[in-house]
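Colleague: UniProt numbering runs 10 ahead of the 1-based position in the sequence shown. The structure is given below, and queries will be raised subsequently.
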Amino acid sequence: ARYADPDVVRERDRRHVWHTWTPVGADRSAAMFTHASGYRIWDIDGREYIEGSALNSTCGYAHPEVTRAVAEQAGRLHHVDVSLTSHDLAGALAERIASYLPAPLTRTLFVNSGSEGFDAAVLMAVGHAAHQGRPRSRIVAFARGYQGATVLARSLSDLPRCRHPMTAPLPVTLVDLPLPPRDLRRPEALPVLLDAFERAIGADPADPPAAVVVEPFLNVGGGVVLPPGFLAGLRALCDATGTLLVVDEVFTAYGRAGAMFACARDGVVPDVVVSSKGLAGGYVPIAAVTAGEHVYEGFAADPVIGGLRYGHTTSGHAVACAAALATLDVLEKENLVERAEWLGGRMAARVAHLAGTGEVVDVRRLGLVVVLEMTTEDAALAVLARARAHGLLLRRQGAAVMAVPPLVIDDAGADALVDRLLAALPGPA
Ligand code: PLP
11 ARYADPDVVR ERDRRHVWHT WTPVGADRSA AMFTHASGYR IWDIDGREYI EGSALNSTCG
71 YAHPEVTRAV AEQAGRLHHV DVSLTSHDLA GALAERIASY LPAPLTRTLF VNSGSEGFDA
131 AVLMAVGHAA HQGRPRSRIV AFARGYQGAT VLARSLSDLP RCRHPMTAPL PVTLVDLPLP
191 PRDLRRPEAL PVLLDAFERA IGADPADPPA AVVVEPFLNV GGGVVLPPGF LAGLRALCDA
251 TGTLLVVDEV FTAYGRAGAM FACARDGVVP DVVVSSKGLA GGYVPIAAVT AGEHVYEGFA
311 ADPVIGGLRY GHTTSGHAVA CAAALATLDV LEKENLVERA EWLGGRMAAR VAHLAGTGEV
371 VDVRRLGLVV VLEMTTEDAA LAVLARARAH GLLLRRQGAA VMAVPPLVID DAGADALVDR
431 LLAALPGPA
């Protein structure tokens, strides 16, 4: 009853909650949710929506196996400090993550968010360079990338709405996309893109980079699918210059890209991989920074504490580990990763013909993410508003509209999602 009256609930929220990212004072009264199941979610007025805006939902809402695992772990041992001690699930989860990655990547540091993961990953790369006897601190990354909101993570890119008035803690060389996203499918795109990275890596020969940090798919940067061979090409550039390759799989890992890890599917072995969103399906915050033993071992020589001077009170939280293990069990048992690739293809096939027509500039897909790039941000906002009126939630990044359903969405749900998406697009003028 404390939360029952919609008007009281809305008023409390309006008065007391400082919402992330969105403008101060924005009206959120139309988007207040109370419960969800599978791929369906209900708002406070009882309206039902298909969830097509799920950043971290792999096994969907209220999955009985995950909710049971969370409750059981909370009642058994919810948390111990993993800096000096450990608990019985930390090793099980770290081993499980290693099983999805190429052999050298066996060592996982747990944190609570993707952003924290990049603070740690950059410290690892800078530390590694020092351990090799060649101190480096410069980082090369996409200008349109997004590694997170902490001061360090946000310095690794230059999205207009993430700009901040602080000086970057490390020197960063940013790489602009040399071609518009829709042209990245063209055969000549890969060499052009790799050439831009090669120039950034060599930008200051007296100051080679400690790491190249990239996402296999630019999520916040506008749903940009990078060409096949991109990570492999970067690996070769990094090898030639003694630079670590740090791959941001915060969005792509655990099925979203149609593989457990996009880098592993592409046969590329990074030095450090950061993953988060799908790991515990959003049930409890958790992120994993998984490094090669060659990176880990160097830290034994740290003169002050003999390790990475990094961690959080709730790193490796036992309930989060339980949620992650249960989520990964569901992914495997229900074959959701392969299904994501198949279902994404089926959904994209129904909208592919729209590319270059009306207000749709491009249609592209990665795994179970279907992106419709519109002519303008306003056009994308209008699609989101009409979709909501048709009972569908979508995501938007700039002018890109993205359908990102939970991986558990069934065929009928996916068909209904596309029907509603088509209904939300502007008709012929
Ligand atoms: N990296 C990518 C690719 C992301 O999409 C995000 C979040 O959207 C992050 C990093 C940051 O993760 P978090 O929001 O958990 O800090």
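Every residue gets a Cβ at the ideal spot worked out from N, C-alpha and C, and that includes glycine.
How about the segment 316 to 326 and the segment 58 to 65: do they share at least three Cβ pairs that are nearer than 8 Å?
Modeller: The segment 316 to 326 vs the segment 58 to 65: no contact.
Colleague: Kindly indicate which three-state DSSP category I149 falls into: helix, strand or coil?
Modeller: Three-state DSSP puts I149 in a strand.
Colleague: Between the C-alpha atoms of A267 and L376, what's the straight-line distance to the nearest angstrom?
Modeller: For A267 and L376, the distance between alpha carbons rounds to 5 Å.
Colleague: Is there contact between the segment 112 to 123 and the segment 303 to 310, where contact requires at least three CB pairs shorter than 8 Å?
Modeller: The segment 112 to 123 vs the segment 303 to 310: in contact.
Colleague: Nearest-angstrom Cα distance between V92 and I107?
Modeller: About 18 Å.
Colleague: So the candidates are D217, G401, R86 and V185; which of them puts its Cα closest to the Cα of G155?
Modeller: Ranking the options by Cα distance to G155, first place goes to V185.
Colleague: In the DSSP assignment, what are the bridge partners of G62?
Modeller: According to DSSP, G62 bridges with L404.
Colleague: Check whether the Cβ atoms of D281 and L254 sit closer than 8 Å, and answer yes or no.
Modeller: It is a contact, given that the beta carbons lie within the stated cut-off.
Colleague: Rounded to the nearest angstrom, what separates I54 and R38 at their Cα positions?
Modeller: When rounded, the distance between both Cα atoms is 12 Å.
Colleague: Would you check whether ligand 1 has a heavy atom nearer than 7 Å to the C-beta of F261?
Modeller: Answer for F261: yes, Cβ within range of ligand 1.
Colleague: Is DSSP giving F227 helix, strand or coil here?
Modeller: Correct three-state label for F227: strand.
Colleague: With distances taken from CA atoms, which of V230, H138, A330 and R164 is nearest L99?
Modeller: The option with the nearest alpha carbon to L99 is A330.
Colleague: What would DSSP say about G302, mapped onto helix, strand or coil?
Modeller: It is a strand residue.
Colleague: Please confirm whether V284 and E307 have their CB atoms less than 8 Å apart.
Modeller: No, the pair does not count as a contact, with Cβ atoms beyond the cut-off.
Colleague: Please report the distance separating the alpha-carbon of V418 from that of V27.
Modeller: The alpha-carbon atoms of V418 and V27 are separated by roughly 31 Å.
Colleague: For M412, which of helix, strand or coil comes out of DSSP?
Modeller: M412 falls in the strand class under three-state DSSP.
Colleague: Is the distance from the Cβ of A210 to the Cβ of V150 below 8 Å?
Modeller: Contact: yes.
Colleague: Taking Cβ positions only, does I107 come closer than 8 Å to chain C?
Modeller: In the structure shown, chain C does not exist; there is a single protein chain.
Colleague: L180 to G252, Cα distance in whole Å?
Modeller: So the two alpha carbons sit approximately 18 Å from each other.
Colleague: Does the beta-carbon of I315 have 16 or more other beta-carbons within 10 angstroms, so that it is buried, or is it exposed?
Modeller: When all chains shown are included, I315 counts as exposed.
Colleague: Please determine, among R20, D217, L236 and A104, the residue with the shortest C-alpha to C-alpha distance to P226.
Modeller: Per the Cα distances, L236.
Colleague: Going by beta carbon distance, what residues of the same chain come within less than 6 Å of V380, once the five residues before and after it are set aside?
Modeller: If we look at V380 and ignore the five residues flanking it on each side, its Cβ neighbours are M357, A358 and A413.
Colleague: Taking C-beta to C-beta, are A135 and A242 nearer than 8 Å?
Modeller: For A135 and A242, no; Cβs fall outside 8 Å.
Colleague: Per DSSP, which one or two residues make a beta bridge with V260?
Modeller: Beta-bridge pairing links V260 to no other residue.
Colleague: Return yes when the Cβ of L404 is within less than 8 Å of the Cβ of S410, no when it is not.
Modeller: Here the sequence assigns Ala to residue 410, which means Ser is not the residue at that position. Not a contact, by the Cβ cut-off of 8 Å.
Colleague: Could you tell me how far apart the beta carbons of G326 and F120 are, in whole angstroms, since I believe they sit closer than 8 Å?
Modeller: About 4 Å separates the two Cβ atoms, so the contact holds.
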